[in-house]
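Since the structure comes first, as structure tokens, the remarks are kept for the end.
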Ligand code: GUN
Ligand code: ZN
């Protein structure tokens, strides 16, 4: 049976393509008195309120004026078992993993711990306006069960996978090539395509996988070509040197994943900072997707992601928080730091491009624009309601703002969860209430 229709009223912003700038009005649609008509979790229509209010007169109207309605944010790389690792002091990547991350992930063998953390994790995503994310879980199947069970309870479109790791990790945090394959396959069979869940085959990175394990991961990717693959690539100079010492035959870091059949259009490669020309050419050829994690890259001192250089060579990038090396759950704060990383390389990021990136842009990286990332009719009604005057500093700054571009930039520089007035998941209000 159909549920009754809902009409959200407010200022609406939708993207059709990546805007070159504010003049590129073919790429985006901004409506001052706009509306989104929702039924059964889907967007039925989007346009001017004056037109849509007649379309379904029985629809329940939720008036969000003067706030800005846009598609829910998408986070393409983060770690579910690192919710208690965020803000851990002093190390760079490899020491940070050994000192803080691996001990925290060990605890996810416990179903009770994993379930408690999953509740908190999804509350955090939603309160920051993130409606879809691609997360690494721990090596334990229990962590994936907790993750997808909680995502299903909230009806969220989520991507996840258990990390495969069979070396260079402590006891309690290793599988082996066969077990990693078997567990991943069973979890993929159980969750991929169930409700709004998608599975990502997740060899953590080449350092923690033997050649036999990467071969098994590649076999799984071949068996399930519509599953995602996620891993890490060229984040830190010491990591790269160690990786190449473990795989001396490889042409370069990406060549390792290439050799095992792990690089394709559904492969998400976290970080991808220090790339060789051959690796960039391979990304362009295969459609592999680098994912920029600015708060993490600055926090761990990893380096500056060259978005402009990749773009010039035909490679599109995603953007992500990378919790827990990342320092904020907010995609707004991720854009804030991303803007600074790109400024250091003389690559100014226009606010319209920035908001396209965390919505339709990341959906395009996933190949999911037919489902998420826009306000287009026929897509899923995942929507954020943004208040650019949510804090005293924002309200003061907004008094002097006259354009949409200015408002977006205030949101991205000063905004965080306080700027998220509401979030809708499949048409239902879902912003967690403060405890
Ligand atoms: N490389 C391999 N594992 C990780 C991780 O958990 N975080 C980050 N930032 N890099 C990694
Ligand atoms: Zn990561």
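In full-length UniProt numbering, the protein residues as written are 1 to 435.
Positions of the beta carbon are idealized from the N, C-alpha and C atoms, including for glycine.
None of the values given here were measured: they were computed from a predicted structure.
Setting aside the 5 residues that flank it on each side, residue 302 is surrounded in the same chain by 92, 93, 235, 236, 271, 273 and 296, each with a C-beta closer than 8 angstroms to its C-beta; the list follows chain order.
For residue 333, the number of other beta carbons within 10 angstroms of its own is at least 16, and it is reported as buried. In the structure shown, residue 140 falls within a coil segment according to DSSP collapsed to helix, strand and coil. With respect to the C-alpha of residue 286, the residue from 305, 255 and 306 having the closest C-alpha is 255. As summarised for the stretch 164-219, the continuous beta strand (DSSP E) elements at least 3 residues long and confined to that stretch are 197-203, given in chain order. Residue 72 sits in coil when the DSSP states are folded into three classes, being neither helix nor strand.
DSSP places residue 30 within a strand segment (E or B) once states are collapsed to three.
Unbroken alpha helix (DSSP H) stretches of 4 residues or longer found wholly inside the stretch 34-63: 49-55, given in chain order. The C-beta of residue 95 has fewer than 16 other C-beta atoms within 10 Å across all chains shown, which makes the residue exposed. Buried is the label assigned to residue 71, since at least 16 other Cβ atoms lie within 10 Å of its Cβ. Of the residues assessed, residue 402 falls on the exposed side of the cut-off, its CB having fewer than 16 other CB atoms within 10 angstroms.
Listed in chain order, the non-local C-beta contacts of residue 169 below 7 angstroms within the same chain comprise 102 and 208, local neighbours out to five positions each way being set aside. Under DSSP, residue 79 takes part in a beta bridge, and its partners are 136.
The criterion of a C-beta distance shorter than 8 angstroms is not satisfied by residue 283 and residue 217.
Distances from the CA of residue 361 to each of 177, 275, 73 and 38 were compared; the closest alpha carbon is that of 73. One Cα belongs to residue 419, the other to residue 387, and the distance between them is close to 5 angstroms. Considering only 26, 139, 80 and 48, the residue with the shortest C-alpha distance to residue 329 is 80. In this structure, the straight-line span from the alpha carbon of residue 355 to that of residue 408 is close to 8 angstroms.
Ranked by Cα distance from residue 112, the options 144, 204 and 239 are led by 144.
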